[in-house]
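Q: Let me give you the structure first, and then I'll get to my questions.
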Amino acid sequence: MSPFYPASLVSSCTTRRSAPDRIAISHLLLLLFLGLAGDQTRRRREMDASYRRAGAGGGSAPRSVEDIFKDYRARRSAILRALTHEVEDFYAQCDPEKENLCLYGYANEAWEVALPAEEVPTELPEPALGINFARDGMNRRDWLALVAVHSDSWLVSVAFYYAARLNRNERKRLFGMINDLPTVFEVVSGGVKQSRERDRSISDNSGRNKLSVKQTSEPHIENNVREPDEGYDEDDGDHSETLCGTCGGIYSADEFWIGCDMCEKWYHGKCVKITPAKAESIKQYKCPSCSKRPRPM
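In this text, residue positions in the sequence shown follow numbering that gives the first Met the number 0: the first is 0, and each later residue adds one.
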């Protein structure tokens, strides 16, 4: 008999009993075994979820400013994809009839709508709880913006959880790197405005496919980001950075970009799965959003 069974149960099993008593005792032992197995399975699932949420696919938690920022960008990219290109899937998963759900972005750029962690305290800060409850009671655009605001808060909290051991200057540098990127809310709500004039000048020099052979000698243009409650100044409307329409990342000369001929937005090649070789054979490129739009009658 296994050592974890109570002595009273063991003795009762070895004593001569009637058939109904033996059946009842067998059921009791079976329930005890299933309960222990269920606890082990639950703990294993919680551990798997904890690793997944921490992004520890095999490596340790990020410690340097650069590694923490890389983790932040990956999680941010995952959430942006959930709220933009894969928004239909995200919307369907946030069923108000289900329990409290959260939106997680992982360090491998995957996203998940899942129940919150059961362990207390949690290994990492948790995102907003119960995002699914307000889905049908709000305008869809407003609901997505609300999820985006809470996601921004969660992303920063995770980054500075990892930054606890950094010194003052390192934390300041990390905040500056994070602050250089548009927030999820700004991207989702359309608060980030791309410079049309700059896009056109780049398009003239990049051929029919708008390949990202952008000139590194171009002057750096100050980022023009609209705050949630502020409008754009009329004088600054044509001086914003070129931002990726998918992840919101700022243009970098060492990355391949491609522009949509329909909406004139620019994208990282990796974000829309287009390589330079593939772009050469495309006469007119349409981004994923424009490709899904129905043709006008």
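Ideal Cβ positions, reconstructed from N, Cα and C, are used throughout, including at glycine.
1) Might you give, ordered along the chain, the residues of its own chain that have their beta carbon closer than 7 Å to the beta carbon of Tyr160, omitting 5 neighbours on each side?
2) For Met176, decide whether its Cβ has a neighbour in chain D, counting only Cβ atoms nearer than 8 Å.
3) At which residue ranges does the segment 230-291 contain complete beta strand (DSSP E) runs of 3 or more residues, listed in the order of the chain?
4) Residues in the same chain with beta-carbon distance under 6 Å from Thr245, minus the five sequence neighbours each way, listed in chain order, please.
5) Residues in its own chain within less than 7 Å of Asp94 by CB, not counting five upstream and five downstream?
6) Go through the segment 50-122 residue by residue and report every complete run of the alpha helix (DSSP H) that reaches 4 residues or more, in order.
7) Please check the pair Asp151 and Thr121, which I expect to be a contact at CB under 8 Å, by giving their CB distance rounded to whole angstroms.
8) Determine, using beta carbons only, whether Ala144 and Phe184 come nearer to each other than 8 Å.
9) Mind reading off the beta-carbon distance from Gly129 to Asn99? Whole number of angstroms is fine, and I expect it under 8 Å.
10) In terms of residues, what are the limits of the alpha helix (DSSP H) holding Ser188?
11) Closest by CA to Tyr105, which one among Val86, Trp153, Thr83, Phe174?
12) Once DSSP output is grouped into helix, strand and coil, what is the label at Asp151?
13) Please confirm whether Ala163 and Ile67 have their CB atoms less than 8 Å apart.
14) Should Ile257 and Ile273 be called a contact, given that it needs their Cβ atoms to be closer than 8 Å?
15) Is it buried or exposed, Gln39, if we count other Cβ atoms within 10 angstroms and call 16 or more buried?
A: Quick answer:
1) Within the same chain, Tyr160 has close Cβ partners Leu123, Pro124.
2) Absent from the structure: chain D. Only one protein chain is present.
3) 256-258, 265-267
4) Tyr266, Cys270
5) The residues Asn131, in chain order, have a CB closer than 7 Å to that of Asp94 in the same chain once the five nearest residues on each side in sequence are set aside.
6) Runs of the alpha helix (DSSP H) lying entirely within the segment 50-122 and spanning at least 4 residues, in chain order: 64-82, 86-92.
7) In fact, because the Cβ distance is near 19 Å, the residues do not count as touching under 8 Å.
8) Cβ distance < 8 Å, so Ala144 and Phe184 count as in contact.
9) 4 Å
10) Segment: none, Ser188 is in no alpha helix (DSSP H) and carries neither H nor E.
11) Trp153
12) If DSSP states are grouped into helix, strand and coil, Asp151 belongs with the helices.
13) Against a cut-off of 8 Å, the Cβ pair of Ile67 and Ala163 comes out as no contact.
14) yes
15) Confidence is the limiting factor: at Gln39 the pLDDT is only 47, short of 50, which leaves the residue's position unreliable and the question unanswerable from this model.
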